[in-house]
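Visitor: After the structure tokens below, expect a handful of questions from me.
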Amino acid sequence: MSDKAWGGRFEEEIDDVALRFSESVSFDHRLYREDIEGSVAHVRMLASRGIIPAADAEKIEAGLGQVKKEIEAGEFEWDVHKEDVHMNIEARLTANIGDAGGRLHTGRSRNDQVATDMRLWVRRACHETSKAVEGLVAVLSVRAAGTVDVLMPGYTHLQRAQPVRLAHHLLAWAEMLLRDRGRLEDAARRLNECPLGAGALAATTFPIDREATAAALGFDRPTRNSLDTVADRDFLVEFVAALANCAVHLSRIAEELVLWSSQEYGFVRMSDAFTTGSSMMPQKKNPDMAELVRGKTGRVVGDLVTLLVMLKGLPLAYNRDMQEDKPPVFDAFDTVTDSLAVLTGAIATARFGVDAMRAALATGFLDATEVADYLVTKGVPFRDAHHVAGRLVARAVTDAKTLSELPLDVYREEHAAFDDDVYGALDMETAVERRDVAGGPKRARVEAAIAELRERLTGFSVDIETIARAHGAEERP
Ligand code: ARG
Numbered sequence: 495m496s497d498k499a500w501g502g503r504f505e506e507e508i509d510d511v512a513l514r515f516s517e518s519v520s521f522d523h524r525l526y527r528e529d530i531e532g533s534v535a536h537v538r539m540l541a542s543r544g545i546i547p548a549a550d551a552e553k554i555e556a557g558l559g560q561v562k563k564e565i566e567a568g569e570f571e572w573d574v575h576k577e578d579v580h581m582n583i584e585a586r587l588t589a590n591i592g593d594a595g596g597r598l599h600t601g602r603s604r605n606d607q608v609a610t611d612m613r614l615w616v617r618r619a620c621h622e623t624s625k626a627v628e629g630l631v632a633v634l635s636v637r638a639a640g641t642v643d644v645l646m647p648g649y650t651h652l653q654r655a656q657p658v659r660l661a662h663h664l665l666a667w668a669e670m671l672l673r674d675r676g677r678l679e680d681a682a683r684r685l686n687e688c689p690l691g692a693g694a695l696a697a698t699t700f701p702i703d704r705e706a707t708a709a710a711l712g713f714d715r716p717t718r719n720s721l722d723t724v725a726d727r728d729f730l731v732e733f734v735a736a737l738a739n740c741a742v743h744l745s746r747i748a749e750e751l752v753l754w755s756s757q758e759y760g761f762v763r764m765s766d767a768f769t770t771g772s773s774m775m776p777q778k779k780n781p782d783m784a785e786l787v788r789g790k791t792g793r794v795v796g797d798l799v800t801l802l803v804m805l806k807g808l809p810l811a812y813n814r815d816m817q818e819d820k821p822p823v824f825d826a827f828d829t830v831t832d833s834l835a836v837l838t839g840a841i842a843t844a845r846f847g848v849d850a851m852r853a854a855l856a857t858g859f860l861d862a863t864e865v866a867d868y869l870v871t872k873g874v875p876f877r878d879a880h881h882v883a884g885r886l887v888a889r890a891v892t893d894a895k896t897l898s899e900l901p902l903d904v905y906r907e908e909h910a911a912f913d914d915d916v917y918g919a920l921d922m923e924t925a926v927e928r929r930d931v932a933g934g935p936k937r938a939r940v941e942a943a944i945a946e947l948r949e950r951l952t953g954f955s956v957d958i959e960t961i962a963r964a965h966g967a968e969e970r971p
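Residue numbers (the working numbering): 495 to 971.
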């Protein structure tokens, strides 16, 4: 490279403010591994096509290996004057191996290079996030296995609604997360095309072999249009959208943990390792980790918006705006993987408040639906039965009684079809056990759901026992 970073066309150095404003190496150095991986594939292809001498290609490959070592040993000096990760690495390579380094960039532009780096990085990040999601789901499967016996109120509108099993609730969280996993894997599959060869925007005059570089980097095929290739950042939007969805799920789970750990609920006690105290109030044990997971979700949603707004209105093909893709992508990934790690540990070690859950079932008329369903079994149309049950709830409220405490003559006053056996229908365990429907809370259904979940995880090569042990998750409430 010439002494002026941009070569022959330039006579003046870049302005200091412009340099600080435009450099990206302070954040895109995270792409060094992918950048080197892509360069090795490119240089091998150049040699195999006779575009550069084989001896130079060998020097370049060895030199790139050396640069990688320097970076990983923390000896590499990233230089903002060389703007980005690509030019930093190329400059160091040439400094190390001499003129041969100058041949690396033949038939390539930073535009197809950075698109390749990002696809490689995001592909890896999708799989890493997927694995982290699987870890949390594995922990949930273990906690679910230990809480099949625990009955708790299920809620709608945050009002006690109908009884369910705690395991059923934990399995609902697992479903949310496995959809996120699916979206991450979808994103990884769709992005798996290789940009190398698109050049700056109009490909290259050299007889390159795009199939070869695509295959060498584990891509399914080269991308199909050179303009689109250097302009496309959909794959980042998809990745960050999947992360935002996941972050929203984690936030909703975290919110339940916050509620549950309040004295008003008493449904969960988070372990000391995932709570903090108050600097003023000695009695406090705050669910800060769950609150922070909830709070950090805003960043991830913001990252998605940042990307979408950055892309909106960009003409083909590459525009420098696109350099702004990296901070939100890295931030979304870091935030979600950290949140997953924290929640995995927190949920693995939490203790559930079985007694508080049972006590909460006693008030709130969670058996009102059972009264209505009971009448339906006696031949009453559901709408009428619903009305009668509502009147009984109103009477119970007035008399400060539960539905089980109302005498049979009160039931009879509201409808002649009531008999002594109505009290049997009011038992919470019975209420749950009668919900013998696929996806329902009956014990056998929940046990089958846990078995099926374990099978799905095994299908993803997840070692549930090892993960449970690593996080201290046990099959108990
Ligand atoms: N640092 C740049 C980015 O991330 C690399 C591509 C630069 N291309 C260009 N034509 N200036 O977008």
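Using N, Cα and C, we set each Cβ at its ideal position, and we do this for glycine too.
So the alpha helix (DSSP H) residue 649 belongs to, where does it begin and stop?
Guide: Here residue 649 is taken as the residue at index 155 of the sequence shown, counted from 1. Unbroken run through residue 649 is the beta strand (DSSP E), 645 to 650; no alpha helix (DSSP H).
Visitor: Going by alpha carbons, who is nearest to residue 587 out of 613, 603 and 559?
Guide: Position 93 of the sequence shown holds residue 587. Nearest C-alpha to residue 587: 559.
Visitor: Check whether the Cβ atoms of residue 721 and residue 695 sit closer than 7 Å, and answer yes or no.
Guide: The sequence position of residue 721 within the sequence shown is 227, counting from 1. The sequence position of residue 695 within the sequence shown is 201, counting from 1. Yes. Within cutoff.
Visitor: Using only the alpha-carbon positions, how far apart do residue 481 and residue 747 sit?
Guide: Residue 481 lies beyond the stretch modelled for the chain, which goes from 495 to 971, so this question has no answer here.
Visitor: Quick one: does the C-beta of residue 787 sit closer than 6 Å to a heavy atom of the ligand ARG?
Guide: If you number the sequence shown from 1, residue 787 lands on position 293. Residue 787 Cβ: outside cutoff for every heavy atom of the ligand ARG.
Visitor: Assess, as a yes-or-no matter, whether the stretch 611 to 621 is touched by the stretch 523 to 537 under the definition of 3 or more beta carbon pairs within less than 8 Å.
Guide: yes
Visitor: Taking residue 513 and residue 574 to be in contact with their CB atoms under 8 Å, please state how far apart those CB atoms are, rounded to whole angstroms.
Guide: Taking the sequence shown and counting its residues from 1, the one referred to as residue 513 is at position 19. Taking the sequence shown and counting its residues from 1, the one referred to as residue 574 is at position 80. Indeed they touch by this definition, with Cβ atoms about 6 Å apart.
Visitor: Residues in its own chain within less than 8 Å of residue 555 by CB, not counting five upstream and five downstream?
Guide: In the sequence shown, counting from the first residue as 1, residue 555 sits at position 61. Excluding sequence neighbours, residue 555 sits near 534, 537 and 538.
Visitor: Considering only C-alpha positions, which residue in the set 858, 715, 507 and 952 is nearest to residue 577?
Guide: For the purposes of this step, residue 577 is taken as residue 83 along the sequence shown, with counting starting at 1. For residue 577, the nearest C-alpha among the options comes from 507.
Visitor: My assumption, with CB atoms under 8 Å, is that residue 630 sits in contact with residue 838. Please give the rounded CB distance.
Guide: Reading the sequence shown from its first residue, position 136 is the one you call residue 630. Reading the sequence shown from its first residue, position 344 is the one you call residue 838. Contact annotation, residue 630 with residue 838: C-beta distance approximately 4 Å; criterion of less than 8 Å satisfied.
Visitor: Ignoring anything shorter than 4 residues or poking outside the stretch 880 to 960, list the alpha helix (DSSP H) runs there in chain order.
Guide: 902 to 908, 916 to 919, 922 to 927 and 937 to 953
Visitor: Should residue 816 be counted as a contact of the ligand ARG given a C-beta to heavy atom distance under 6 Å?
Guide: Taking the sequence shown and counting its residues from 1, the one referred to as residue 816 is at position 322. Yes, the Cβ of residue 816 comes within 6 Å of a heavy atom of the ligand ARG.
Visitor: Could you please give the first and the last residue of the uninterrupted beta strand (DSSP E) stretch that includes residue 657?
Guide: In the sequence shown, the residue the question calls residue 657 occupies position 163. Looking at the DSSP string, the run of the beta strand (DSSP E) that includes residue 657 is 653 to 659.
Visitor: Just how far apart, CA to CA, sit residue 768 and residue 682?
Guide: In the sequence shown, residue 768 corresponds to position 274, counting from 1. In the sequence shown, residue 682 corresponds to position 188, counting from 1. Taking the straight line joining both Cα atoms gives about 32 Å.
Visitor: My parser needs the alpha helix (DSSP H) runs of 4 or more residues fully inside the stretch 652 to 701; what are they?
Guide: Runs of alpha helix (DSSP H) with 4 or more residues, each lying fully within the stretch 652 to 701, are found at 660 to 684, listed in chain order.
Visitor: Let me check one thing: in DSSP terms, what residues is residue 780 bridge-paired to?
Guide: In the sequence shown, counting from the first residue as 1, residue 780 sits at position 286. For residue 780, which the question treats as bridged, DSSP gives the partners 770.
Visitor: Would you say residue 864 and residue 911 are within 7 Å of each other, going by their C-beta atoms?
Guide: Numbered from its first residue, the sequence shown carries residue 864 at position 370. Numbered from its first residue, the sequence shown carries residue 911 at position 417. Contact: no.
Visitor: According to DSSP, is residue 965 helix, strand or coil?
Guide: Taking the sequence shown and counting its residues from 1, one reaches residue 965 at position 471. Residue 965: helix per DSSP, three-state reduction.
Visitor: Would you report the Cα separation of residue 496 and residue 585, rounded to the nearest angstrom?
Guide: On the sequence shown, position 2 is the one that residue 496 refers to. On the sequence shown, position 91 is the one that residue 585 refers to. Reliability of the predicted coordinates at residue 496 is poor, the pLDDT of 44 falling under 50, and no value is obtained from them.
Visitor: Is it buried or exposed, residue 893, if we count other Cβ atoms within 10 angstroms and call 16 or more buried?
Guide: Numbered from 1 along the sequence shown, position 399 holds the residue referred to as residue 893. Looking at its Cβ environment, which holds fewer than 16 other Cβ atoms inside 10 Å, residue 893 is exposed.
Visitor: For my contact list, residue 909 and residue 882 are in at a C-beta cut-off of 8 Å; report their separation, rounded to the angstrom.
Guide: On the sequence shown, position 415 is the one that residue 909 refers to. On the sequence shown, position 388 is the one that residue 882 refers to. Going by Cβ atoms, the distance from residue 909 to residue 882 rounds to 5 Å, so yes, they are a contact pair.
Visitor: Within a Cβ cutoff of 7 Å, which residues of the same chain sit near residue 1022, ignoring the five residues on either side of it in sequence?
Guide: What is shown of the chain runs 495 to 971, which leaves residue 1022 out entirely.
Visitor: Taking just the CA atoms, how far does residue 532 sit from residue 656?
Guide: As a first step, residue 656 is located in the sequence shown; it is residue number 162 there, counting from the start. As a first step, residue 532 is located in the sequence shown; it is residue number 38 there, counting from the start. About 56 Å.
Visitor: How about residue 578: is its Cβ closer than 6 Å to a heavy atom in the ligand ARG?
Guide: For this step, residue 578 is matched to residue 84 along the sequence shown. Yes, since a heavy atom of the ligand ARG falls inside the 6 Å radius drawn around the Cβ of residue 578.
Visitor: Compute the Euclidean distance between the alpha carbons of residue 523 and residue 620, then round it to the nearest angstrom.
Guide: Locating residue 523 in the sequence shown gives position 29, where the first residue counts as 1. Locating residue 620 in the sequence shown gives position 126, where the first residue counts as 1. Going from the Cα of residue 523 to the Cα of residue 620 covers about 19 Å.
Visitor: Does any heavy atom of the ligand ARG sit closer than 6 Å to the C-beta of residue 608?
Guide: Translated into the one-based positions of the sequence shown, residue 608 becomes position 114. Correct: residue 608 has its Cβ closer than 6 Å to the ligand ARG.
Visitor: Taking C-beta to C-beta, are residue 844 and residue 791 nearer than 7 Å?
Guide: Your numbering for residue 844 matches position 350 in the sequence shown. Your numbering for residue 791 matches position 297 in the sequence shown. Against a cut-off of 7 Å, the Cβ pair of residue 791 and residue 844 comes out as no contact.
Visitor: Cβ of residue 518 within 6 Å of any heavy atom in the ligand ARG?
Guide: Translated into positions along the sequence shown, residue 518 becomes position 24. Result yes, Cβ under 6 Å from the ligand ARG.
Visitor: When the distance is taken between beta carbons, is residue 686 closer than 7 Å to residue 729?
Guide: In the sequence shown, counting from the first residue as 1, residue 729 sits at position 235. In the sequence shown, counting from the first residue as 1, residue 686 sits at position 192. Contact flag unset, no.
Visitor: Quick one: grab the DSSP three-state call for residue 637.
Guide: Mapped onto the sequence shown, residue 637 falls at position 143. Residue state, collapsed to three classes: helix.
Visitor: Within its chain, find whatever has a CB closer than 6 Å to the CB of residue 763; leave out the 5 residues flanking it on each side and keep chain order.
Guide: By one-based count along the sequence shown, residue 763 stands at place 269. Excluding positions up to five away in sequence, the list reads 845.
Visitor: Using C-beta distances below 7 Å, list every residue in its chain close to residue 794, excluding the 5 sequence neighbours before and after it, in chain order.
Guide: Your numbering for residue 794 matches position 300 in the sequence shown. Around residue 794: 737, 738, 741, 826, 829 and 830.
Visitor: Looking at C-alpha atoms only, which residue of 638, 854, 684 and 821 is the closest neighbour of residue 666?
Guide: To locate residue 666, count along the sequence shown from 1; it is residue 172. Closest option to residue 666, Cα to Cα, is 638.
Visitor: For residue 876, count neighbouring C-beta atoms within 10 Å of its own C-beta (all shown protein chains included) and say buried if the count is 16 or more, exposed if not.
Guide: In the sequence shown, counting from the first residue as 1, residue 876 sits at position 382. With fewer than 16 other beta carbons inside 10 angstroms of its own, residue 876 counts as exposed.
Visitor: Should residue 605 be listed as close to the ligand ARG, given that the test is whether its C-beta is under 6 Å from any heavy atom?
Guide: In the sequence shown, the residue the question calls residue 605 occupies position 111. Residue side-chain check: residue 605 places its Cβ nearer than 6 Å to a non-hydrogen atom of the ligand ARG.
Visitor: Classify residue 874: buried if its beta carbon has 16 or more other beta carbons within 10 angstroms, exposed otherwise.
Guide: Residue numbering aside, residue 874 sits at position 380 when the sequence shown is read from its first letter. Burial call: buried.
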